[in-house]
Structures are given as structure tokens and as C-alpha cells.
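Chemist: Sharing a structure below in C-alpha cells format, with a few things to ask.
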Amino acid sequence: MPWIEKRKEILFDKLLKRTITASELRELDLLGHLKDDDTILEHLDKWQNQSLSENDGLPKTSDIDIESLVGQIRQKKTYRKKIRVLLSCACMGLFVILLVLFSNYNFNEQQEPEVFIGKNCSILAPDRDLDQKYFACDIEMKNLFQKRLDNKFLGGVFRFNNLEFSQQPTGILKLSIRANVHFNFPQNSFVTISTPPKRQVIISLPSGLYIRLDGGSKLHYLINPKDSAVIYCRLEGQAYVKFPENNGGKMLALENYNSQILTYGGEFMVRSEYGYSKAVRLNGEVSLATLQEPKGKPLTQRKNMMEVYHINEAKNKIRDSFTYSSLETTTALNWTKTVRHYNNVSIRTFLLEMERWYGFTIESVSCLPKDRKISAAICQDATLEDVFAAVSKKGITIYQNNGMYTFCPPAGRLKKQINNVTYIRPILQIKMNDL
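In our numbering, the protein residues as written are 7 to 441.
Written out as C-alpha cells, the structure reads:
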């Protein structure tokens with residue numbers, strides 16, 4: 007009510023002017039504002055400003071010690087403020103501790119335990135290279151010859167005109183061009199070296215070029231380039247490449263599906279698939295050229311990996327999209343080892359890796375959950391059935407249809423339509439008519 011507020015103002019003025027009586031003080035206390043510290047200070051500041059503007063100090067006599075009252079209030083407010091600060095710091099510290107504990111718990115929950123796939127997998131050395139018994143390849147020249155080489159060919163030599171293929175006791179396949187034999191191949195003649203599933207090959211080519219092919223990969227090596235200062239190759243699949251610097255100033259141009267790796271001396275890992283390529287610099291100077299960057303973008307020690315994606319735009323135009331990142335050497339060369347370790351990778355990535363190594367075809371990965379993870383160690387002798395059994399334990403059902411594998415149930419088996427189709431991987435169909 008208005009008269010109550012007016013009465014409070016009158017009593018406060020008397021309190022601050024030290025003219026309030028004991029009965030009026032009890033009245034003000036009953037009105038419930040004497041214990042309101044903020045209200046008292048507000049009226050005190052208002053009264054002091056008015057008094058100082060009139061060049062008048064505080065009254066010297068009073069029934070109540072205003073200075074003591076105000077001092078107690080201010081001391082109380084300072085104490086409360088310190089308490090609030092301490093409580094805020096304590097709460098913040100507790101929040102940080104809980105956040106760390108939650109992060110560790112969440113990480114441990116999401117980190118999949120590693121499973122060993124294959125016999126005696128856990129006793130094999132993790133950094134040991136793949137055994138020689140897994141080395142095999144097919145070599146061919148279009149319309150001229152084709153030959154299968156495997157570990158039984160160790161120490162053997164195969165010649166065709168001025169070409170000589172010799173398999174060293176270490177398992178390395180060496181290609182030499184015999185200078186004392188003269189033969190002119192047709193222009194743009196390629197030697198194609200391909201690896202079957204679950205097999206690899208190490209190739210030593212002229213000018214000191216060293217290439218290791220993963221299973222299910224192809225290397226097309228141009229034996230008669232127009233420019234003798236350029237060594238030209240094409241790759242389908244995955245490979246480790248080492249090109250020495252002391253090669254007479256020659257440049258290596260390794261072409262992928264949508265990029266080209268250029269180096270005068272370097273070491274790198276490369277993966278090439280339909281509409282996608284990835285290069286990881288391991289040593290030396292390595293550049294990656296694309297449609298948008300024809301001169302090449304260098305890979306550095308800090309940003310040593312580059313991925314290039316083909317993006318189809320309107321009117322059949324193709325644009326490149328590339329990303330920089332970093333990758334450890336051990337991870338990049340994981341596929342060259344006796345035991346392949348996959349640490350908390352997506353099921354999609356894992357199965358696409360297995361598709362290349364085992365040589366089966368995935369019709370579609372569209373029904374695979376994108377957030378499903380797996381940690382696994384794949385032994386060199388693990389079978390495809392072993393791999394599928396490990397995947398099935400993650401709640402993934404595998405269906406076979408016309409020799410291909412899919413993860414979508416056959417038509418009519420579901421009551422509702424599957425709406426999580428986000429990615430369909432195109433089947434690899436490469437036309438090499440110009441080889």
C-alpha cells in the first residue's frame with residue numbers, strides 16, 4: 007500500500023539522520039526492512055549524496071551507531087562475496103574433474119576391445135613384414151604375353167624380347183631392359199603387374215623405382231615414354247613407393263584415378279579407387295596434382311596426407327575436393343605387415359579394406375551403421391569366414407546376392423522401409439583401352 011512505502015521512507019530517513027527513536031526503530035524492524043542490507047545501503051548512499059551536495063556532514067549525535075551498522079553490513083557483504091567466489095571456484099574444479107572422469111569413461115566405453123582374427127594371431131610379431139609365401143603376381147602386355155609368378159618362381163628368370171623379369175631370393179620381382187637386345191615396342195606400351203587377392207608383390211623397376219603392391223592392385227608401367235626424363239606409371243589399388251633422389255634428375259609421375267603424384271625423390275603410400283585417391287608422404291619431396299591444382303600441392307611433414315574426391319556437378323562436370331591431414335607411418339603401412347591392426351575404425355572402412363584383400367565384392371554398404379566401430383588384428387592366414395564371423399559379433403548381418411555381398415536384408419523381409427541409405431559405393435569398372 008502507498009502509505010506503507012511512504013512510512014518506510016520516513017523511518018529510513020530518520021535512521022540515517024540519527025534521529026530515529028527506539029519505538030520507531032522497532033516499527034521499521036517490524037516492517038521487515040531493517041534486516042535488508044542492500045536496502046539500507048541504497049538509502050544510505052542516497053542520503054549521503056544529498057548531504058554532501060549541501061556541504062553538510064553526518065550528524066554527530068544519535069541513538070544508533072550508523073557507522074558501526076554500515077561497517078557490519080559492508081563486512082558481511084564482503085564475506086558473502088568471498089564465499090561466493092570460493093564456491094564458484096570449487097564448483098568449477100568439481101566440474102572439470104567430473105568432465106575428465108566422464109571423458110575417460112566415455113572413451114573406454116567407445117573404445118572397442120581388440121579381437122584377434124586368424125590362428126596363432128596373438129603370438130606373431132606386430133611389426134613383421136608379410137611372409138614371402140604371400141608374394142604372387144600376374145605380368146602381362148596387352149595382346150603379347152601373360153604370365154603368373156609366385157613363390158615357386160624364386161630365382162627364376164622370364165624374358166620377352168628386351169624385357170627381363172627375375173625374382174630375387176628375397177621375393178622381389180626385378181624388371182630390367184636388356185641393352186644388348188634391340189626391339190621396338192609400339193608407342194605407349196605398358197607392362198601391367200597385378201596382384202590376386204591375399205597376395206602382394208615387391209617390384210624393382212629401372213631408375214631404382216621400388217613399388218610394393220597390395221592385394222587386388224594393378225600397376226601399369228610405361229616402358230617407352232616419349233620424354234626419357236619422366237618415369238610414368240598408373241595405379242589401381244594400394245601401393246608403397248620409394249623413388250631415390252640419385253636417379254639422374256628424372257621425375258616420377260604416378261597417375262591415380264583423380265590425381266597424379268610427382269616427385270624427384272621421395273617415399274610415399276598411395277591408394278587409388280574409383281573417384282578417390284589418397285597419398286601419404288613418408289619422406290622426401292612429394293606433390294599431388296589435381297584438376298584444380300595441375301602444378302601440384304606439396305605434402306609436408308606436418309600435413310603429410312592428402313585425400314582427393316571426385317564430385318559430380320551439373321552438366322556432367324567434375325570437380326575435385328581435397329583435404330589435408332596427417333597420418334602416422336605405422337598406420338599408413340599397416341597393410342604390409344603380417345598382422346594388420348585396425349584400432350577403433352568404422353565397420354565400413356574395415357570391410358572396404360577386407361574387400362580389397364580378400365577379393366570379394368560388396369554390392370552396397372548403405373545399410374551399415376556409420377557409427378559402428380571395430381578394433382581387430384587380422385592375421386595373414388585368417389580366412390574370409392573368420393572376418394565375417396568377427397563382423398557378425400558386432401551385430402552386422404551379411405547377405406550374399408549373385409556372388410556379391412550386401413548388408414541390406416532381401417526385399418520383403420522388413421516391415422518398414424530402410425531410410426538410412428547415405429552412401430552407395432560404385433563397383434570398380436575401369437576401361438584401359440588405351441593401354
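Virtual Cβ for every residue (Gly too), placed ideally from N, Cα, C.
1. Do ALA383 and GLU120 count as a contact pair if the criterion is CB distance below 9 Å?
2. Which of the three DSSP states, helix, strand or coil, is assigned to VAL187?
3. What whole-angstrom Cβ distance do VAL276 and LEU219 have, given they're in contact under 8 Å?
4. Measuring only the C-alpha atoms, how far is GLN266 from GLU273?
5. Counting along the chain, where does the beta strand (DSSP E) carrying THR337 start and finish?
6. Restricting to runs no shorter than 3 residues, where is the beta strand (DSSP E) found entirely within the stretch 379-405?
7. Could you give the DSSP three-state label for THR269: helix, strand or coil?
8. So if DSSP puts LYS301 in a beta bridge, which residue, or which two residues, is it bridged to?
9. Below 6 Å CB to CB, which residues in the same chain sit around ARG205 once its five sequence neighbours on both sides are set aside?
10. Enumerate in chain order the residues of its own chain whose CB-to-CB distance from LEU150 is below 6 Å, with the five nearest sequence positions on each side excluded.
11. Give me the Cα-Cα distance between VAL397 and TYR348, rounded to the nearest whole angstrom.
12. What separation, rounded to the nearest whole angstrom, lies between the Cα atoms of GLU146 and ASN340?
13. So, at 7 Å on beta carbons, what are the nonlocal neighbours of ASN262 in its own chain, with the 5 sequence-adjacent residues on each side left out?
14. To the nearest angstrom, report how far apart LEU105 and VAL91 are at their CA atoms.
15. Pull the bridge partners of SER370 from the DSSP assignment, please.
16. Relative to the C-alpha of LYS309, which candidate in TYR330, LEU179 and LYS301 has its C-alpha closest?
17. Looking at the secondary structure, which residues open and close the alpha helix (DSSP H) in which TYR216 lies?
18. With a 10 Å radius around its C-beta and 16 neighbouring C-beta atoms as the bar for buried, classify ASN412 as buried or exposed.
19. Just to confirm the assignment, what range does the alpha helix (DSSP H) spanning TYR364 have?
20. Measuring straight from C-alpha to C-alpha, what distance separates ARG134 and PRO300?
21. So, is GLN244 buried or exposed, given that buried needs 16 or more other C-beta atoms within 10 angstroms?
22. Ignore the nearest five residues each way along the sequence and tell me which others in ASN168's own chain have a CB closer than 6 Å to its CB.
Modeler: In terms of the structure at hand:
1. Taking the first residue of the sequence shown as position 1, residue 120 is located at position 114. Taking the first residue of the sequence shown as position 1, residue 383 is located at position 377. In contact: GLU120 and ALA383 (Cβ atoms closer than 9 Å).
2. Indexing the sequence shown from 1 puts residue 187 at position 181. Reduced to three states, the DSSP call for VAL187 is coil.
3. Position 270 of the sequence shown, counted from the start, is the residue given in the question as residue 276. Position 213 of the sequence shown, counted from the start, is the residue given in the question as residue 219. At roughly 11 Å, the Cβ-Cβ gap does not stay under 8 Å, so VAL276 and LEU219 are not in contact.
4. Reading the sequence shown from its first residue, position 260 is the one you call residue 266. Reading the sequence shown from its first residue, position 267 is the one you call residue 273. Approximately 15 Å, taken between the alpha carbons.
5. Within the sequence shown, residue 337 is the residue found at index 331, counting from 1. Counting along the chain, THR337 falls outside any beta strand (DSSP E), though it belongs to the alpha helix (DSSP H) covering 335-338.
6. 379-385
7. Against the sequence shown, residue 269 aligns to sequence position 263. If DSSP states are grouped into helix, strand and coil, THR269 belongs with the strands.
8. In the sequence shown, the residue the question calls residue 301 occupies position 295. Answer is none; LYS301 lacks a bridge partner.
9. Within the sequence shown, numbered from 1, the residue matching residue 205 stands at position 199. Cβ within range, chain order: TYR140, ALA142 and GLY221.
10. In the sequence shown, residue 150 corresponds to position 144, counting from 1. So no residue of the chain qualifies.
11. Locating residue 397 in the sequence shown gives position 391, where the first residue counts as 1. Locating residue 348 in the sequence shown gives position 342, where the first residue counts as 1. Their backbone Cα atoms lie some 13 Å apart in a straight line.
12. What you label residue 146 is simply residue 140 of the sequence shown in a count that begins at 1. What you label residue 340 is simply residue 334 of the sequence shown in a count that begins at 1. Cα to Cα, GLU146 sits roughly 28 Å from ASN340.
13. On the sequence shown, position 256 is the one that residue 262 refers to. Hits under 7 Å: LEU241, VAL276, SER278 and SER283.
14. Within the sequence shown, numbered from 1, the residue matching residue 105 stands at position 99. Within the sequence shown, numbered from 1, the residue matching residue 91 stands at position 85. Cα to Cα, LEU105 sits roughly 21 Å from VAL91.
15. The residue you call residue 370 lines up with position 364 of the sequence shown. THR412.
16. Here the question's residue 309 lines up with position 303 in the sequence shown. The residue with the shortest Cα to Cα distance from LYS309 is TYR330.
17. Sequence index remark: in the sequence shown, residue 216 carries index 210 (1-based). It is not in any alpha helix (DSSP H) - TYR216 instead sits in the beta strand (DSSP E) that spans 215-219.
18. Stepping through the sequence shown from its first residue, residue 412 is reached at position 406. Residue identity differs from the one stated: residue 412 is Thr in this sequence, not Asn. Per the 10 Å Cβ criterion, buried.
19. What you label residue 364 is simply residue 358 of the sequence shown in a count that begins at 1. It spans 353-364 - the alpha helix (DSSP H) in which TYR364 sits, taken as one unbroken run.
20. Working through the sequence shown from its first residue, we reach residue 134 at position 128. Working through the sequence shown from its first residue, we reach residue 300 at position 294. Answer to the nearest angstrom: the Cα atoms are 38 Å apart.
21. To locate residue 244, count along the sequence shown from 1; it is residue 238. The residue in question, GLN244, is buried, as its Cβ has 16 or more Cβ neighbours within 10 Å.
22. In the sequence shown, the residue the question calls residue 168 occupies position 162. Hits under 6 Å: ILE183, ARG184, VAL187 and PHE189.
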